[in-house]
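These notes are about the structure you will find just below.
There are 2 protein chains.
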Amino acid sequence: MTVHGGIPRKKRDNASMQISARVDYALRAMTELAVAYDEDPTRREKTEVLAARQDIPPRFLESILGQLRKAGLILSQRGADGGYRLAMPPDEITVADIIRVLDGPLGAVRNDAPEAVTYTGPAEHLRTVWVATRAAMRSVLEKTTLADVVAGRTTDEMDDLLAVPGAWDRR
Amino acid sequence: MTVHGGIPRKKRDNASMQISARVDYALRAMTELAVAYDEDPTRREKTEVLAARQDIPPRFLESILGQLRKAGLILSQRGADGGYRLAMPPDEITVADIIRVLDGPLGAVRNDAPEAVTYTGPAEHLRTVWVATRAAMRSVLEKTTLADVVAGRTTDEMDDLLAVPGAWDRR
DNA sequence: ATATATCCCCAGTAAGTACATCGGGATTGC
DNA sequence: GCAATCCCGATGTACTTACTGGGGATATAT
Numbered sequence: 001m002t003v004h005g006g007i008p009r010k011k012r013d014n015a016s017m018q019i020s021a022r023v024d025y026a027l028r029a030m031t032e033l034a035v036a037y038d039e040d041p042t043r044r045e046k047t048e049v050l051a052a053r054q055d056i057p058p059r060f061l062e063s064i065l066g067q068l069r070k071a072g073l074i075l076s077q078r079g080a081d082g083g084y085r086l087a088m089p090p091d092e093i094t095v096a097d098i099i100r101v102l103d104g105p106l107g108a109v110r111n112d113a114p115e116a117v118t119y120t121g122p123a124e125h126l127r128t129v130w131v132a133t134r135a136a137m138r139s140v141l142e143k144t145t146l147a148d149v150v151a152g153r154t155t156d157e158m159d160d161l162l163a164v165p166g167a168w169d170r171r
Numbered sequence: 172m173t174v175h176g177g178i179p180r181k182k183r184d185n186a187s188m189q190i191s192a193r194v195d196y197a198l199r200a201m202t203e204l205a206v207a208y209d210e211d212p213t214r215r216e217k218t219e220v221l222a223a224r225q226d227i228p229p230r231f232l233e234s235i236l237g238q239l240r241k242a243g244l245i246l247s248q249r250g251a252d253g254g255y256r257l258a259m260p261p262d263e264i265t266v267a268d269i270i271r272v273l274d275g276p277l278g279a280v281r282n283d284a285p286e287a288v289t290y291t292g293p294a295e296h297l298r299t300v301w302v303a304t305r306a307a308m309r310s311v312l313e314k315t316t317l318a319d320v321v322a323g324r325t326t327d328e329m330d331d332l333l334a335v336p337g338a339w340d341r342r
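Those sequence lines, one after another, are chains A and B. Each residue of the first sequence is one higher than the one before, starting from 1 at the first, in my numbering. Each residue of the second sequence is one higher than the one before, starting from 172 at the first, in my numbering.
Here it is in structure tokens:
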């Protein structure tokens with residue numbers, strides 16, 4: 001029997017707005033590429049190096065980088081001294097862009113777009129709630145670029161949200 | 172061979188902020204109970220009736236209502252002429268309350284609370300992004316009550332979000 | 001007391017998803 | 001040619017989702 005996983009995976013505690021491992025890994029690798037881009041826009045980083053720096057399973061990261069490349073967010077070079085680099089400056093790539101490449105569109109209700117589901121009777125206005133929730137997420141994720149993340153910059157809107165009492169507490 | 176599903180389920184198009192069938196069904200049933208409560212706070216509705224009105228698989232709804240009851244959001248009565256009713260007025264139950272009963276806390280990164288994950292190097296500030304995103308969702312879901320949903324009322328904050336160009340478009 | 005209606009609990013199941021891993025092929029640089 | 005690196009599709013395992021099912025507990029009506 002081949003032992004595949006190694007450490008048994010933690011049991012999932014469901015939640016709406018689930019950030020998957022794929023997205024998390026992608027963002028982390030992209031911040032590394034953003035730093036490299038700032039030093040020299042032509043510099044390339046290898047999968048192996050990115051994986052080591054951010055502690056990501058290398059083969060898994062490889063397939064994630066492939067998706068980002070197909071989506072046009074990064075460029076690749078094969079062969080000795082190959083690697084990846086951003087396809088555009090870090091201030092032109094938003095967190096939402098990256099999420100959408102890996103997990104598809106932000107926000108879904110029973111696997112459909114919120115504005116597409118139809119509700120009947122007193123449930124009718126649920127649709128508005130979902131659309132507003134999606135808009136709220138977008139107001140953060142579409143306004144934050146890779147450049148903002150590496151610099152630790154926040155928008156005024158984010159500052160307001162983070163200043164709400166309990167914003168940093170689990171609930 | 173027992174045919175279990177009937178209609179084959181649609182293939183999932185991944186997304187962050189996934190509203191599950193459980194949550195969707197729960198909300199729909201709760202809006203029905205909210206209307207009943209407004210007419211007469213002691214009135215009870217049966218699973219079968221709720222299921223029929225909102226087109227929800229009855230046995231599945233039964234287990235959802237069980238969770239809502241254990242969480243204290245609704246009250247039940249067994250026997251002939253039994254059924255469910257809200258445990259409190261509709262303006263004291265928020266959409267977030269209901270989501271949390273069924274899907275756990277809003278927002279998770281790789282199955283952990285956003286504020287709990289630690290990032291290294293240039294990825295450090297990702298945590299702030301996730302916390303702000305969660306706060307943004309809360310600003311809608313914790314402020315919208317069942318009473319608001321059945322009345323079709325929106326907060327000023329929601330109006331602003333919904334007024335953003337493209338808010339109703341898929342992206 | 002009995003019949004009937006309803007909730008209650010726990011087990012099971014088919015399909016799909018998440019998170020990887022593997023083997024080998026295609027490019028590039030020396 | 002040879003080594004390094006990306007590229008691509010297949011495979012694997014554990015887990016989750018969205019249900020279904022059987023039978024027990026409780027309430028009401030007669």
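By construction, the Cβ of each residue, glycine as well, lies at the ideal position given by its N, Cα and C atoms. What you are looking at is a predicted structure, and each value in this text was computed from that prediction instead of being measured.
Out of the options, state which residue places its alpha-carbon closest to the alpha-carbon of residue i.
| i | options | result |
| --- | --- | --- |
| arginine 44(A) | Met30(A), Ile56(A), Asp55(A) and Arg22(A) | Met30(A) |
| threonine 299(B) | Thr145(A), Glu32(A), Val35(A) and Gly66(A) | Thr145(A) |
| alanine 242(B) | Arg249(B), Leu257(B) and Pro228(B) | Leu257(B) |
| glutamate 48(A) | Pro41(A), Asp81(A), Ala151(A) and Thr94(A) | Asp81(A) |
| proline 212(B) | Ala222(B), Asp226(B), Leu198(B) and Leu246(B) | Leu246(B) |
| arginine 153(A) | Thr265(B), Ile227(B), Ala294(B) and Ala186(B) | Ala294(B) |
| alanine 15(A) | Val288(B), Gly292(B), Ala334(B) and Arg281(B) | Arg281(B) |
| alanine 108(A) | Thr94(A), Trp130(A), Gly166(A) and Pro165(A) | Trp130(A) |
Could you tell me which chain B residues have their CB closer than 8 Å to the CB of residue i, listed as they occur along the chain?
| i | result |
| --- | --- |
| tyrosine 119(A) | Arg199 |
| serine 139(A) | Ala307, Leu332 and Val335 |
| arginine 59(A) | Those do not exist, as arginine 59(A) stays about 18 Å from chain B at its closest Cβ, beyond 8 Å. |
Would you mind telling me which residues of chain A sit closer than 9 Å to residue i, beta carbon to beta carbon, in chain order?
| i | result |
| --- | --- |
| lysine 202(B) | The residue asked about is misnamed: residue 202(B) is threonine in this sequence, not lysine. Per Cβ cutoff of 9 Å: Tyr119, Gly121, Pro122, Ala123, Glu124, His125 and Leu126. |
| valine 347(B) | Summary: the structure shown does not reach residue 347(B), with chain B confined to residues 172 through 342, and so no result is reported for it. |
What distance in whole Å lies between the Cβ atoms of residue j and residue i, which are believed to be in contact at a cut-off of 8 Å?
| i | j | result |
| --- | --- | --- |
| isoleucine 344(B) | leucine 297(B) | The structure shown does not extend to residue 344(B), since chain B is modelled only from 172 through 342, so no value can be given for it. |
| aspartate 274(B) | serine 191(B) | 6 Å |
| methionine 329(B) | alanine 132(A) | 4 Å |
| tyrosine 84(A) | leucine 65(A) | 6 Å |
| alanine 322(B) | leucine 161(A) | Not confirmed; about 26 Å, so no contact. |
| arginine 219(A) | glutamate 286(B) | Because chain A in this structure spans residues 1 to 171, residue 219(A) falls outside the shown range and cannot be described. |
Can you give me the Cβ contacts of residue i inside the same chain, cut-off strictly under 7 Å, excluding the 5 residues immediately before and after it?
| i | result |
| --- | --- |
| alanine 267(B) | Leu277, Arg309, Leu312 and Glu313 |
| glycine 177(B) | Its pLDDT being 45, under 50, glycine 177(B) is placed unreliably in this model, and the coordinates cannot settle the point. |
| glutamine 248(B) | Arg215 and Gly254 |
| arginine 224(B) | Glu203 |
| leucine 68(A) | Ala26, Ile74 and Val101 |
| methionine 1(A) | Any reading at methionine 1(A) needs caution, since the residue's pLDDT is 36, under 50, leaving its predicted position unreliable; the model's value is listed next. Taken in chain order, the list of residues that qualify is empty. |
| tryptophan 168(A) | none |
| glycine 121(A) | none |
| glycine 250(B) | none |
What residues from chain B crowd round residue i, counting only those whose CB sits closer than 7 Å?
| i | result |
| --- | --- |
| aspartate 24(A) | Val280 and Arg281 |
| isoleucine 98(A) | Per Cβ cutoff of 7 Å: no residues; isoleucine 98(A) is ~11 Å from chain B at best. |
In chain A, which residues lie with their C-beta within 7 Å of the C-beta of residue i?
| i | result |
| --- | --- |
| alanine 284(B) | Arg170 |
| methionine 259(B) | In chain order: nothing, as chain A lies at least about 17 Å away. |
| leucine 277(B) | Ala15, Ser16 and Met17 |
| threonine 315(B) | Val129 |
| alanine 338(B) | Val131 and Ala135 |
| arginine 224(B) | Gly121 |
| valine 320(B) | His125, Leu126 and Val129 |
By Cβ distance below 6 Å, which residues in the same chain neighbour residue i in space, the five residues on each side in sequence not counted?
| i | result |
| --- | --- |
| valine 3(A) | Its pLDDT being 36, under 50, valine 3(A) is placed unreliably in this model, and the coordinates cannot settle the point. |
| valine 23(A) | Ile99, Leu102 and Asp103 |
| alanine 222(B) | Pro229 and Leu232 |
| threonine 155(A) | Lys143 |
| lysine 46(A) | Gly83 |
| isoleucine 56(A) | Tyr25 |
| proline 165(A) | none |
Please compile the residues from chain B whose C-beta is within a distance smaller than 9 Å of the C-beta of residue i.
| i | result |
| --- | --- |
| glycine 152(A) | Glu295, His296 and Thr299 |
| valine 95(A) | Leu297, Val300 and Thr304 |
Within its chain, find whatever has a CB closer than 8 Å to the CB of residue i; leave out the 5 residues flanking it on each side and keep chain order.
| i | result |
| --- | --- |
| tyrosine 119(A) | His125, Leu126 and Arg127 |
| proline 260(B) | Tyr208, Pro212 and Ala318 |
| valine 206(B) | Val321 |
| aspartate 91(A) | Thr145, Leu146, Ala147 and Asp148 |
Just to confirm, does residue i get its C-beta within under 7 Å of one of the non-hydrogen atoms of the ligand MG?
| i | result |
| --- | --- |
| aspartate 331(B) | Absence of the ligand MG from the depicted structure is noted, as is the absence of any ligand whatsoever, leaving it without description. |
Starting from residue i, find everything on chain A with Cβ-Cβ shorter than 8 Å and list it in chain order.
| i | result |
| --- | --- |
| alanine 242(B) | By Cβ distance, chain A contributes nothing, its closest Cβ being about 14 Å from alanine 242(B), past 8 Å. |
| alanine 192(B) | Arg110 |
Contained beta strand (DSSP E) runs [length at least 3] in the region 207–252 of chain B, N- to C-terminal order: Fully enclosed beta strand (DSSP E) runs of 3 or longer: 245–248.
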